[in-house]
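Mind the numbering: the sequence shown is residues 0 to 179 in numbering that gives the first Met the number 0, read in order.
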Amino acid sequence: MLRNHYHPLSIVFHWFIFILVVLALGVIELKGQFPKGSEPRELCKTIHGLFGQLIFFAMALRLLARWIYGVPEPLNLNRALNIFAKTMHWALYVLLLALPIMGFVFLQAGGKEVHFFGWVWPELITPNLAIKKIFKEAHEWLGNALYFLIGIHAASALWHHYILKDATLRRMLNKIKTSN
Ligand code: HEM
Ligand code: HEM
Numbered sequence: 000m001l002r003n004h005y006h007p008l009s010i011v012f013h014w015f016i017f018i019l020v021v022l023a024l025g026v027i028e029l030k031g032q033f034p035k036g037s038e039p040r041e042l043c044k045t046i047h048g049l050f051g052q053l054i055f056f057a058m059a060l061r062l063l064a065r066w067i068y069g070v071p072e073p074l075n076l077n078r079a080l081n082i083f084a085k086t087m088h089w090a091l092y093v094l095l096l097a098l099p100i101m102g103f104v105f106l107q108a109g110g111k112e113v114h115f116f117g118w119v120w121p122e123l124i125t126p127n128l129a130i131k132k133i134f135k136e137a138h139e140w141l142g143n144a145l146y147f148l149i150g151i152h153a154a155s156a157l158w159h160h161y162i163l164k165d166a167t168l169r170r171m172l173n174k175i176k177t178s179n
């Protein structure tokens, strides 16, 4: 277990997944600019699904790196705040693994193909409109909830940096000495 710094792999995964999430959300917001059934609208959904799947695989690898190399102890000594931060982190992990699965399930349950670059996933879910509806609504609801979680998470990081002036953000940017 590393005592005061994140392993470089954890840092690379954190910011790589951040970029993927911004792209996945950005492209699905862009979708709304095009009329229903139009080619660019469908392309936005396909690209969104592709980024979503990349997020799933990157998250799985990131959790593996976390399990192997561990994470540093929190810098804040307030127990309640640490429990809150930990809950937020695990909520982000769970959402970023669950959302891609939900996207996959509602597309296949709706009888649609799921593409991964040039490859098409085999049919793992039998088409079922009731399942499609539940998973699509859950995907959209949780996808929107993710905006709030990311907002609170990023605001907390800035609060650590500018108000508490501790090394929480700097150590996620690999900007502290790795003395331990
Ligand atoms: C962590 C990854 C993902 C996030 C954060 C995410 C988030 C979202 C959000 C916020 C929306 C828009 C909801 C709304 O219109 O209010 C959405 C829609 C959608 N997502 Fe995802 N998603 C992810 C992964 C996936 C994956 C892997 C797939 C497909 C394999 C997928 C397929 C879709 C589709 C097709 C829509 C459009 C639904 C429609 O309006 O017809 N998503 N997603
Ligand atoms: C898509 C957006 C983001 C996601 C999904 C995300 C996810 C996470 C997760 C899961 C952790 C916990 C790491 C662990 O202990 O295993 C974490 C830590 C951290 N994140 Fe983010 N993050 C995002 C964006 C940001 C942004 C924009 C900032 C800065 C403004 C930020 C700053 C930090 C910091 C400083 C930590 C370390 C917290 C600590 O050591 O207690 N994150 N992030």
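Every residue, glycine too, gets a C-beta built ideally from N, C-alpha and C.
What does the Cβ neighbour count give for Gln-32, buried or exposed, with the cut at 16 atoms within 10 Å? exposed
Applying the criterion that 16 or more other CB atoms from any shown protein chain within 10 Å of the CB defines a buried residue, is Pro-99 buried or exposed? buried
Residue range of the alpha helix (DSSP H) that includes Ile-133: 128 to 158
Measuring from the CB of His-88, is there a heavy atom of ligand 2 at a distance below 6 Å? yes
Compute the minimum distance between the beta carbon of Leu-91 and the heavy atoms of ligand 2, and state whether it is under 6 Å. yes
Just curious, the alpha helix (DSSP H) that Leu-53 is in, first and last residue? 38 to 68
DSSP state of Tyr-161, grouped into three classes? helix
Can you tell me whether Phe-115 is helix, strand or coil according to DSSP? strand
Below 8 Å, can you find three or more Cβ-Cβ pairs linking the segment 59 to 79 to the segment 154 to 171? yes
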